[in-house]
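A.B. asks: Residue numbers (the UniProt record's numbering): 1 to 300. Pasting in a structure now, in structure tokens, and then I'll have a few things to ask.
Quick look at the structure:
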């Protein structure tokens, strides 16, 4: 589809009235949002905002992810999240849901006047970019026209044809308007042009499908033959286990192939079997000596 950025210039913007909810998305003037790390701020993946907004979105869109299909990006310690929101009342939660739905309905009315689908672009950071590179290699080798990668309940995209960050991998998607919660042109406060469209991923398995022609992998992104084999062994599973294996695959890249074992132990989101999977794949001679009991424990 063809769209110009100027198509969105005359859309009406609204504000998020609830101060606490507003602070989840961006720095709110006159409100102390210490510890929240808003979604368009640095380090937002480790703040309070992402898991809470993800929860609100799952409630609003009636999304039920399978137990193994959790967010691809590690979040802050659950204890910190619980501590921050333990005093949140049912009334406040209901108000947040109502406010988010109001913003969503406004966004729908504005964007649907332009098109039923909006073309967006997203760049991937390292780890996810390596998974995508393996997916592209696999697709080309098997004459597939689409690739599949795991994503969060929501992610930010840029309106095409604008640029945005990437670590050598980027792709386009044509998103149905009903899957867009809000964007820079319909809400006051979002100012990052490379992350100005919040897209909801309704898949219970967290997997998105991308046309092979719409994904670009730079020559600077290199993956080993073992990594491609690991990817292919993941997708040999059934759909449910396939997503579970994707989680292991992502985490294996995240922790740089066994080089940071102590970090693995400290991450409560880490599945111990990911390390075991790599040890079996690459052989014990390249791996630290570690007992199975210690492998699955939470302490080094």
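We treat Cβ as the ideally placed atom computed from N, Cα and C, and that holds for glycine.
(1) Taking the alpha-carbon of residue 197 as reference, which of 27, 104, 81 has the nearest alpha-carbon?
(2) Exposed or buried, residue 260, counting other C-beta atoms within 10 Å across all chains shown (16 or more means buried)?
(3) By Cβ distance below 7 angstroms, which residues in the same chain neighbour residue 106 in space, the five residues on each side in sequence not counted?
(4) What's the C-alpha gap between residue 212 and residue 119?
(5) Return the CA-CA distance between residue 38 and residue 47, expressed in angstroms with no decimal places.
(6) With 16 other CB atoms within 10 Å as the buried threshold, where does residue 50 fall?
(7) With the cut-off set at 8 angstroms, would you say residue 21 and residue 110 are in Cβ contact?
(8) Quick check: the region 88-105 against the region 149-156, are at least 3 beta-carbon pairs closer than 8 angstroms?
(9) How should residue 302 be labelled, buried or exposed, when 16 other C-beta atoms within 10 angstroms of its C-beta is the threshold for buried?
(10) Hey, could you find the ends of the beta strand (DSSP E) residue 183 is sitting in?
(11) Could you tell me if residue 71 is buried or exposed, where buried requires 16 or more neighbouring beta carbons within 10 angstroms of its beta carbon?
(12) Could you name the residues that DSSP lists as bridge partners for residue 214?
(13) With respect to the beta strand (DSSP E) encompassing residue 173, which residues constitute its N-terminal and C-terminal limits?
(14) Determine contact between the region 206-223 and the region 170-182, defined as no fewer than three beta-carbon pairs at a distance below 8 angstroms.
(15) Would residue 165 be called buried (16 or more neighbouring beta carbons within 10 Å of its own) or exposed?
C.D. replies: According to the data block:
(1) Here residue 197 corresponds to residue number 197 of the chain shown, with the count starting at 1. Nearest of 27, 104, 81 to residue 197, Cα basis: 104.
(2) The count along the chain shown starts at 1 and reaches residue 260 at position 260. At residue 260, the pLDDT of 46 sits below 50, so the modelled position is not reliable; the number obtained from the coordinates is stated separately. It counts as exposed.
(3) Here residue 106 refers to the residue found at position 106 when the chain shown is read from its first residue. Excluding residues within five positions, the ones whose Cβ falls inside 7 angstroms are 14, 186.
(4) For the purposes of this step, residue 212 is taken as the residue at position 212 of the chain shown. For the purposes of this step, residue 119 is taken as the residue at position 119 of the chain shown. Going by the C-alpha atoms only, they are around 16 angstroms apart.
(5) Counted from its first residue, the chain shown places residue 38 at position 38. Counted from its first residue, the chain shown places residue 47 at position 47. The straight-line gap from Cα to Cα measures roughly 7 angstroms.
(6) Here residue 50 refers to the residue found at position 50 when the chain shown is read from its first residue. Residue 50 comes out buried.
(7) Counting from one through the chain shown, the residue named residue 21 turns up at place 21. Counting from one through the chain shown, the residue named residue 110 turns up at place 110. Not in contact: residue 21 and residue 110 (Cβ atoms no closer than 8 angstroms).
(8) no
(9) The shown model of the chain, from 1 to 300, leaves out residue 302, and the question about it has no answer.
(10) Taking the first residue of the chain shown as position 1, residue 183 is located at position 183. Element bounds for residue 183: 180-183.
(11) To locate residue 71, count along the chain shown from 1; it is residue 71. So residue 71 counts as buried.
(12) Here the question's residue 214 lines up with position 214 in the chain shown. Residue 214 is not bridged to any residue.
(13) Looking up residue 173 in the chain shown gives position 173. Residues 169-176.
(14) Per the Cβ contact rule, the region 206-223 is in contact with the region 170-182 (3 or more Cβ pairs under 8 angstroms).
(15) Looking up residue 165 in the chain shown gives position 165. Counting Cβ neighbours within 10 Å, residue 165 comes out exposed, since fewer than 16 surround it.
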